[in-house]
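For the sequence shown, my numbering gives the first residue as 1, with consecutive numbering after it.
Glycine included, C-beta positions come from ideal geometry on N, C-alpha and C.
What follows is a single structure, written as structure tokens, with notes after it.
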Amino acid sequence: MAEEELLLIEKALTVGGGKWIADFTESFRNFKVKNQVFDLFVKGHTRAKGFFLSRIASYFVCPDYRVGCFIFRSKKEGYVNRTLLSEMLDAIRGYMRKNELKWTWLMLLQRGWPNPFKRFVEDMTSHDVGIILYDTNSGELSYNSPLGKQMAKRAFPKALLKRGRSK
Numbered sequence: 001m002a003e004e005e006l007l008l009i010e011k012a013l014t015v016g017g018g019k020w021i022a023d024f025t026e027s028f029r030n031f032k033v034k035n036q037v038f039d040l041f042v043k044g045h046t047r048a049k050g051f052f053l054s055r056i057a058s059y060f061v062c063p064d065y066r067v068g069c070f071i072f073r074s075k076k077e078g079y080v081n082r083t084l085l086s087e088m089l090d091a092i093r094g095y096m097r098k099n100e101l102k103w104t105w106l107m108l109l110q111r112g113w114p115n116p117f118k119r120f121v122e123d124m125t126s127h128d129v130g131i132i133l134y135d136t137n138s139g140e141l142s143y144n145s146p147l148g149k150q151m152a153k154r155a156f157p158k159a160l161l162k163r164g165r166s167k
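Shown next as structure tokens:
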């Protein structure tokens with residue numbers, strides 16, 4: 001089940017709605033940053049490729065930022081807390097500085113999110129890291145900032161949302 005969720009997210013980012021956000025071209029499993037291991041990391045650029053005219057237009061209109069998306073799936077309920085989230089964000093921001101990424105997203109998948117934690121994430125005002133919480137039991141999404149909202153709206157697999165609601 002966990003592998004299927006990761007495959008759906010990877011597909012949505014690389015060939016699905018993720019194309020509205022960025023041109024995600026590479027993905028890595030069990031990606032380690034500092035002492036954090038993420039189940040999946042997908043990276044790409046904001047400047048889309050295309051045929052002749054769209055490629056020229058994209059070159060002159062769209063900035064070419066490097067971006068990435070980190071996905072972490074919790075093995076048990078209540079595993080991700082503020083401390084772990086802070087450690088993940090520190091690792092991600094260090095990776096961003098080292099690799100010159102402009103924006104990143106962090107998708108956290110877990111069965112059940114406590115309401116205080118969801119409110120904590122929703123109140124975060126990060127302009128460089130969008131955070132998305134996905135409840136694997138209910139299919140509910142929570143996110144911070146416009147960055148997280150756009151990723152949740154455009155690129156999160158609809159099949160996962162439907163699956164969560166049908167349980």
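Best match in the options for proximity to residue i [C-alpha to C-alpha]
i, options, result
"Y134", "N30, G148, G16 and D123", "G148"
"N81", "L109, K11 and L13", "L109"
"V129", "F60, M107, S74 and R119", "M107"
"K76", "T104, N144, N137 and P157", "N137"
"P116", "L161, F72, A91 and G78", "G78"
"A91", "F70, I56, R111 and L160", "F70"
"E26", "K32, N35, L40 and K34", "L40"
"H127", "G112, W105 and F31", "W105"
"L168", "A57, K34, E3 and A12", "Residue numbering for the chain in the displayed model covers 1 to 167; residue 168 lies beyond these limits and cannot be assessed."
"E3", "S74, W20 and P114", "S74"
In DSSP terms, what residue i is bridged to
i, result
"H45", "D23 and R66"
"Y134", "L109 and L141"
"L53", "Answer is none; L53 lacks a bridge partner."
"V33", "Q36"
"V129", "T104"
"F72", "L108"
Where the alpha helix (DSSP H) through residue i begins and ends
i, result
"D90", "R82 to N99"
"F156", "It is not in any alpha helix (DSSP H) - F156 carries neither H nor E in the DSSP assignment."
"T14", "A2 to T14"
"P116", "N115 to D123"
Contact set for residue i: own chain, Cβ-Cβ below 8 angstroms, skip 5 residues either direction
i, result
"Y143", "V121, E122, G130, I131, I132, L133, K149, M151 and A152"
6 angstroms CB neighbourhood of residue i in its chain, flanking five on each side removed
i, result
"A22", "G44, T46 and V67"
Close-in-space but distant-in-sequence residues of the same chain around residue i (CB under 7 angstroms, 5 per side omitted)
i, result
"A10", "It is Glu, not Ala, that sits at residue 10 in the sequence shown. Hits under 7 angstroms: S27, L40 and V42."
"K118", "L133 and S142"
Beta carbon proximity, residue i to chain B, threshold 9 angstroms
i, result
"A91", "Protein chain content of the structure displayed is limited to a single chain, and chain B is not contained in it."
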